[in-house]
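Since the structure comes first, as structure tokens, the remarks are kept for the end.
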Amino acid sequence: MAKSMFEAVAVIGAGTMGNGIAQTFATYGAKVLLVDLSEDALKKGVLAIEGSLARVVKKGVITDADAKATLARITTNSKLEAITNVPLVVEAVSERPDVKAKVFSQLDRQCPPATILATNTSSISITQIAASTKRADRVIGMHFMNPVPVMKLVEVIRGQETSDETTAKIIAASESIEKVPVAANDFPGFVSNRVLMPMINEAIFCLMEGVATKEGIDTVMKLGMAHPMGPLALADLIGLDVCLDILEVLHQGLGDDKYRPCPLLRRYVAAGNLGKKSGKGFYDYSKA
Ligand code: CAA
Numbered sequence: 367m368a369k370s371m372f373e374a375v376a377v378i379g380a381g382t383m384g385n386g387i388a389q390t391f392a393t394y395g396a397k398v399l400l401v402d403l404s405e406d407a408l409k410k411g412v413l414a415i416e417g418s419l420a421r422v423v424k425k426g427v428i429t430d431a432d433a434k435a436t437l438a439r440i441t442t443n444s445k446l447e448a449i450t451n452v453p454l455v456v457e458a459v460s461e462r463p464d465v466k467a468k469v470f471s472q473l474d475r476q477c478p479p480a481t482i483l484a485t486n487t488s489s490i491s492i493t494q495i496a497a498s499t500k501r502a503d504r505v506i507g508m509h510f511m512n513p514v515p516v517m518k519l520v521e522v523i524r525g526q527e528t529s530d531e532t533t534a535k536i537i538a539a540s541e542s543i544e545k546v547p548v549a550a551n552d553f554p555g556f557v558s559n560r561v562l563m564p565m566i567n568e569a570i571f572c573l574m575e576g577v578a579t580k581e582g583i584d585t586v587m588k589l590g591m592a593h594p595m596g597p598l599a600l601a602d603l604i605g606l607d608v609c610l611d612i613l614e615v616l617h618q619g620l621g622d623d624k625y626r627p628c629p630l631l632r633r634y635v636a637a638g639n640l641g642k643k644s645g646k647g648f649y650d651y652s653k654a
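Throughout the sequence shown, residue numbering follows the working numbering, covering 367 to 654 in sequence.
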């Protein structure tokens, strides 16, 4: 098994992305400190990691002993102050610029100068996040895909001031955990969401206009274009609120109406139907 280039990593945010990132680094031998202000979120995050590792054990990819050792490498803490001496921090808190700015400014004050501060943001400007620190050259985007333990891609996004050295380190670190890094520059939505979200949005317009049923739309994309899941099911997996936030960033940041969020997406989000995580989105997950 390959070994993580960074032997110790702190991950902030124990939600879907954060716990997947923590699991992945721990799988490759890194000691991981998983931080979330909510004890409940930490408990749920660890449960999710246990469940995900159990799947991998069941497949025979790793042994039960490997899974236990991976779990043992993950410790949790509900205070940001607990992050002191790690070479890499990966932030995966909620997608709100004000929250990210607060976290990064505190991390900048308490972490050693050499620590790289990475963000898993799916669309907030890396340059803007870096501006809340005094180390913009060591702030970078490290954008994992959901489900993190399965998806190979890491989009590595350079902010305006990110150094070549930081970029090279994060590319090497991604490879050391057997991901495939792709470098991108700091424009709204980077590459992944600039291409993905218009497709999801268009699928929602198709649903709203009655072009086909939700199952029909998803089947067209699965069987016609060989996508592993249809765009509406994928939107449910990502979270409809997250999709809406990203579309707003694309719409405002690029100033083009082709990115306007579909009114039906707004209605689902307003109703609290956020997808898999809330039990209901385009599909019903309450019995799953
Ligand atoms: N942990 C560990 N392993 C997992 C897992 C998890 N959470 N979820 C799935 N797997 C593994 C399964 O064990 C299985 O392994 P094998 O291939 O060895 O058998 C494999 O992944 C496939 O899983 P399943 O057979 O259960 O289900 P599936 O074949 O339907 O695949 C899927 C599920 C991997 C999610 C697949 O449907 C898929 O690739 N979907 C597209 C996902 C995608 O596009 N993600 C990107 C979203 S965009 C994003 O994240 C960025 C953003 O900013 C919004």
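Just so it is clear, CB atoms sit at the ideal spot from N, CA and C, and this is done for glycine as well.
Note that the structure is a prediction, hence the values are computed from the model and not measured.
Asked                                                                                                           : Found
Inter-residue spacing [alpha-carbon to alpha-carbon] between D402 and N486                                      : 15 angstroms
Terminal residues of the alpha helix (DSSP H) in which G621 lies                                                : No alpha helix (DSSP H) holds G621; DSSP gives it neither H nor E.
Rounded straight-line distance, which links the Cα of G582 to that of R504                                      : 46 angstroms
As assigned by DSSP and simplified to three states, the class of A578                                           : coil
Coil, strand or helix - V427 by DSSP                                                                            : coil
Residue closest to E373, alpha-carbon to alpha-carbon, out of V459, K445, G411 and S542                         : S542
Among L610, L437, A448 and T442, nearest to R560 - alpha-carbon criterion                                       : L610
Sufficient close CB pairs (3 or more, under 8 angstroms) joining the region 495 to 511 to the region 473 to 481 : yes
C-beta contact flag for V422 and P513 at 9 angstroms                                                            : no
Cutoff 7 angstroms; reference A407; Cβ partners in own chain excluding five residues on either side             : A380 and G381
Length of the line joining the Cα atoms of T390 and T436                                                        : 9 angstroms
C-alpha gap between Y649 and I378, whole angstroms                                                              : 30 angstroms
Reduced DSSP category for L606 - H, G, I as helix; E, B as strand; rest coil                                    : helix
Residue environment, V418, which counts as buried when at least 16 other CB atoms sit within 10 Å               : The question names Val, but residue 418 in the sequence shown is Ser. The residue is buried, with at least 16 neighbouring Cβ atoms inside 10 Å.
Heavy atom of the ligand CAA within 8 angstroms of L562 beta-carbon                                             : yes
Three-state secondary structure assigned by DSSP to M383                                                        : helix
Separation of S471 from S491, as counted between CA atoms                                                       : 15 angstroms
Test item: CB-CB of L616 and V635 under 9 angstroms                                                             : no
Beta strand (DSSP E) runs wholly inside the region 402 to 471, at least 3 long, in chain order                  : 440 to 443 and 454 to 457
Supposed close pair G596, T585 - CB separation, criterion 8 angstroms                                           : 7 angstroms
Three-state class that DSSP yields for E527 in the structure shown                                              : coil
Cβ shell of A388 (< 6 angstroms), same chain only, five flanking positions each side left out                   : V377, V398, L400 and I440
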